[in-house]
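Asker:
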Amino acid sequence: DGGITQSPKYLFRKEGQNVTLSCEQNLNHDAMYWYRQDPGQGLRLIYYSQIVNDFQKGDIAEGYSVSREKKESFPLTVTSAQKNPTAFYLCASSREREGQDTQYFGPGTRLTVL
Amino acid sequence: GQQLNQSPQSMFIQEGEDVSMNCTSSSIFNTWLWYKQDPGEGPVLLIALYKAGELTSNGRLTAQFGITRKDSFLNISASIPSDVGIYFCAGAQGGSEKLVFGKGMKLTVNP
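Protein chains in written order, with this note's numbering: chain F, 153 to 266; chain S, -10 to 100.
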C-alpha cells in the first residue's frame, strides 16, 4: 500500500541528547514537510523540502535539522539546542503540481524528553 | 506564521445531529483542505477544494470553497460516535507548497 510511515511511534530521550525521527513515503511525492503539534495548537511548520538535496526553514526551524538525500526519505533531527522538544511530530508529503497543494500526513511520532 | 480563524473551537452534540464549522481568513486562498485527526494519530484528509464556489461531498460530509476565496465551511450530517476528533482546515495560497492551518475544532458526540 502507498503511504507515509513514521518511526518510532513513541520516543523517549534524555535532555541534551540529539534524536532523529524517521519519515518515509512511497507515494512518489516530490515535496515533504515536518510539523510540530502541541496540545490545543494548530500545526507549525519546521522544515520542508520540494526536491532532493534541497530544503527550506519553516516557521520554527531553530533547534532542528533535516536532510533530503533520497526522494522517499526526510529525516528530522531534534538537537539539544531545541529548548522545548517534547511534542507530537508529523511528517507530510505532496505532489509538485500547480494548484494541487494537498498534503498527506503520516501517523506521527510522540517525542518525550525527560 | 499566518493562521486561519477556525470556529467554533469545540462542539458537543448528540448522535444524529448535524454539525457545521468554518474557517475564515483576511487573505485569498487557492486551495482549501479539511482534515480529521484522531487522538495520537496523524490528520487524515477528508475533502479538498480547488475552485471558488466549489461544493463537494464525501459521504455525510459536505464542504464548500467560499466565493470570495477567503472562507470555507464543513458540514457533517447525522453524526455518529466515530465522528469524534479534531477537525482542521488548511489553505494554500499558490506559488508555494506551504499550507496555513486553523487551530482545529474538537468535536464530541454523545451517544
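Quick reminder that beta carbons are idealized off the backbone N, C-alpha and C, glycines included.
(1) What three-state label does DSSP hand G251 of chain F in the structure shown?
(2) Determine, using beta carbons only, whether W21 of chain S and G80 of chain S come nearer to each other than 9 Å.
(3) Can you list the residues of chain S that G110 of chain F reaches, using a CB-CB cut of under 8 Å?
(4) Look up S71 of chain S in the DSSP assignment and say whether it is helix, strand or coil.
(5) Strictly under 9 Å for the Cβ-Cβ distance: is P227 of chain F near chain S by that measure?
(6) Does the structure place the region 252 to 263 of chain F close enough to the region -10 to 9 of chain S that three or more beta carbon pairs sit under 8 Å?
(7) Return the residue from the list S:S14, S:V98, S:Q(-5) and S:K40 that minimises the CA-CA distance to D72 of chain S.
(8) In chain order, what residues of the same chain lie with their CB nearer than 6 Å to the CB of Y39 of chain S, ignoring the 5 residues before and after it?
(9) Residues of chain F with CB under 7 Å from G93 of chain S, in chain order?
(10) Here's a check: name, in chain order, each residue in its chain whose Cβ is nearer than 6 Å to the Cβ of A37 of chain S, leaving out the five neighbours to either side.
(11) Taking the runs of the alpha helix (DSSP H) that are 4 residues or longer, which of them lie wholly in the region 31 to 85 of chain S?
(12) Between the region 26 to 39 of chain S and chain F, which residues of the former have a C-beta closer than 9 Å to a C-beta of the latter?
(13) Hey, is T254 of chain F's beta-carbon within less than 9 Å of any beta-carbon in chain S?
(14) Spatial neighbours of F257 of chain F within its chain, please: C-beta separation below 6 Å, excluding the five flanking residues on both sides.
(15) DSSP on N11 of chain S, reduced to helix/strand/coil?
(16) Does the separation of the CB atoms of V204 of chain F and E176 of chain F fall below 9 Å?
(17) To be precise: take each residue of the region 159 to 187 of chain F, compare its Cβ to all Cβ atoms of chain S, and keep it if any distance is under 7 Å. Which residues remain?
(18) Just to confirm the assignment, what range does the beta strand (DSSP E) spanning I17 of chain S have?
(19) List in chain order: all unbroken beta strand (DSSP E) runs of 3+ residues lying wholly within the region 156 to 209 of chain F.
(20) In chain S, what lies closer than 8 Å to L263 of chain F by C-beta?
(21) Can you grab the Cα-Cα spacing for the pair I212 of chain F / L197 of chain F, in whole Å?
(22) Could you name the residues of the same chain whose beta carbon sits closer than 8 Å to that of D60 of chain S, not counting the 5 residues immediately before and after it, in chain order?
(23) Of all Cβ atoms in chain F, is any one closer than 9 Å to the Cβ of Y105 of chain S?
Answerer: Once the coordinates are examined:
(1) Residue confidence for G251 of chain F is low, a pLDDT of 48 falling below 50, so the modelled location carries little weight and cannot support an answer.
(2) Yes.
(3) With chain F covering only 153 through 266, there is no way to say anything about residue 110 of chain F.
(4) Helix at S71 of chain S.
(5) For P227 of chain F, the nearest beta carbon of chain S is not closer than 9 Å to its own beta carbon.
(6) Inter-segment contact for the region -10 to 9 of chain S and the region 252 to 263 of chain F is absent: fewer than three beta-carbon pairs are separated by less than 8 Å.
(7) Closest option to D72 of chain S, Cα to Cα, is S:V98.
(8) Within its own chain, the residues whose Cβ lies closer than 6 Å to the Cβ of Y39 of chain S, once the five positions on either side in sequence are excluded, are T20, listed in chain order.
(9) Chain-order list of chain F residues neighbouring G93 of chain S: G194, by C-beta distance under 7 Å.
(10) Within the same chain, A37 of chain S has close Cβ partners L22.
(11) Uninterrupted alpha helix (DSSP H) stretches at least 4 residues long and entirely within the region 31 to 85 of chain S do not occur.
(12) Those residues of the region 26 to 39 of chain S placed with their C-beta closer than 9 Å to a C-beta in chain F are Q26, G29, E30, G31, P32, V33, L34, A37 and Y39, ordered along the chain.
(13) Chain S, which has a Cβ nearer than 9 Å to the Cβ of T254 of chain F, makes this yes.
(14) Sequence-distant partners of F257 of chain F (beyond 5 residues in either direction) whose C-beta falls short of 6 Å from its own C-beta, in its chain, are L242 and A244.
(15) Strand, per DSSP.
(16) No.
(17) Listed in sequence order: A183.
(18) Here I17 of chain S belongs to no beta strand (DSSP E), and DSSP marks it neither H nor E.
(19) Taking only runs of at least 3 residues, the beta strand (DSSP E) segments lying wholly in the region 156 to 209 of chain F are 156 to 159, 162 to 165, 171 to 177, 183 to 189, 195 to 203 and 206 to 209.
(20) Under the 8 Å cutoff, chain S gives no residues; its nearest Cβ is about 13 Å from L263 of chain F.
(21) Approximately 6 Å between the Cα atoms of the pair.
(22) N11, C12, T13 and S14, listed in sequence order.
(23) The structure shown does not extend to residue 105 of chain S, since chain S is modelled only from -10 to 100, so the question has no answer here.
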